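Right, one structure below, let's go through it.
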Amino acid sequence: MTAPGDSTPFGHGGSRRDTVHHPLFARYYARFAPALDERAGLGAHRAELLAGLSGRVIEVGAGSGLNFAHCPAAVRELVAVEPEPRLRRSAEEAARRAAVPVTVVPGVAEALPAEDGEFDAAVVSLVLCSVGDPDRALAELRRVLRPGGELRFYEHVRAGTRTAVLLQRALDRTVWPRLFGGCHTGRDTVAAITAAGFAPLSHRRLRVPPGGVPTPVSAHVLGRARRP
Numbered sequence: 001m002t003a004p005g006d007s008t009p010f011g012h013g014g015s016r017r018d019t020v021h022h023p024l025f026a027r028y029y030a031r032f033a034p035a036l037d038e039r040a041g042l043g044a045h046r047a048e049l050l051a052g053l054s055g056r057v058i059e060v061g062a063g064s065g066l067n068f069a070h071c072p073a074a075v076r077e078l079v080a081v082e083p084e085p086r087l088r089r090s091a092e093e094a095a096r097r098a099a100v101p102v103t104v105v106p107g108v109a110e111a112l113p114a115e116d117g118e119f120d121a122a123v124v125s126l127v128l129c130s131v132g133d134p135d136r137a138l139a140e141l142r143r144v145l146r147p148g149g150e151l152r153f154y155e156h157v158r159a160g161t162r163t164a165v166l167l168q169r170a171l172d173r174t175v176w177p178r179l180f181g182g183c184h185t186g187r188d189t190v191a192a193i194t195a196a197g198f199a200p201l202s203h204r205r206l207r208v209p210p211g212g213v214p215t216p217v218s219a220h221v222l223g224r225a226r227r228p
């Protein structure tokens, strides 16, 4: 791994800004995300997200590496891109425990440190909500995938009722992104993926957690799309 701004072994975008800083959120996430995952049943969703992947895979916004344990043995290498330094250190620890080779690198979704068509699949998991420019991030994901490569996505998205959508809009314009590392609660991610030129394969909507009072981030979607 190289310092921010240095060239990387993955070439493209290495001279661009590849670090973001959300130290309070990163500290909270690294400490409490595993317990929250277990309580909300996200482990099963992560396993479904990665099931059947093979070859070289890029995960964008890998966080603390919670997906690594679910990577199938057929994955030859997982390149995990994470811009937040504290979370990247946690991901490096998780990579050492992974059953498949994992390389953790700095980088942002809008300028991925990878060459055109380098990967067989790309994974985004609860990350497109927080990137500054989701359209550019999706264009980058399309760029680094080979033709026919798959995009796997698991994201919280715009809610299904007008009242919930109005609440999401209010939160996204005020406190939510500041408190949760740039997260936006109500993006229409499936529409954005289609607009970016991906061919939809399948997706399903989920409520997380499945019971109790819904939160602004209870509406989730899990799916697959393909680069034509």
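With full-length UniProt numbering, the residue at position 2 of the sequence shown is 2, and numbering never jumps.
The beta-carbon is built from N, C-alpha and C at its ideal position, and this holds for glycine as well.
Small disclaimer: the values here were computed from a predicted structure and weren't measured.
The Cβ atoms of aspartate 135 and alanine 199 do not sit closer than 8 angstroms to each other. Here the alpha carbon of glutamate 84 sits roughly 15 angstroms from the alpha carbon of proline 113.
Around the beta carbon of threonine 189, 16 or more other beta carbons lie within 10 angstroms, which makes this residue buried. Annotated three-state conformation of glycine 43 is helix, per DSSP. Boundaries of the beta strand (DSSP E) harbouring leucine 145: 145 to 156, taken from the DSSP string. The stretch 108 to 127 makes contact with the stretch 56 to 69; the number of CB pairs closer than 8 angstroms reaches 3 or more. Taking C-beta atoms as the reference points, arginine 143 and arginine 224 fail to come closer than 8 angstroms.
Glutamate 150 sits close to alanine 121, with the two beta carbons spaced by under 8 angstroms. Between glutamine 168 and arginine 178, the C-beta spacing is not below 8 angstroms.
The straight-line gap separating the alpha-carbon atoms of alanine 91 and arginine 76 is approximately 18 angstroms. Our two residues, leucine 42 and leucine 222, have alpha carbons roughly 11 angstroms apart in a direct line.
DSSP, read as helix, strand or coil, puts histidine 184 in coil. Looking from the CA of tyrosine 154, the closest CA among Cys71, Pro101, Arg205, Gly160 belongs to Arg205. Secondary structure of serine 125 (DSSP, three-state): strand. In this structure, the CA atom of leucine 171 is about 10 angstroms from the CA atom of cysteine 183. Judged by DSSP secondary structure, valine 79 falls within the beta strand (DSSP E) whose first and last residues are 75 to 81.
Each of Pro147, Arg207, Val165, Arg88 was checked against the Cα of glycine 107, and the nearest Cα belongs to Arg88.
When beta bridges are read from the DSSP output, glutamate 59 appears opposite Ala80, Val123. Residue environment analysis places valine 213 among the exposed positions, since fewer than 16 neighbouring C-beta atoms fall within 10 angstroms of its C-beta.
Only buried fits glutamate 110, as 16 or more other CB atoms lie within 10 angstroms of its CB. Take proline 228, set aside five residues on each side of it, and the residues of its chain with a beta-carbon closer than 6 angstroms to its own are Ala199, in chain order. With a 10 Å radius around the Cβ and a threshold of 16 neighbouring Cβ atoms, glutamate 115 comes out exposed.
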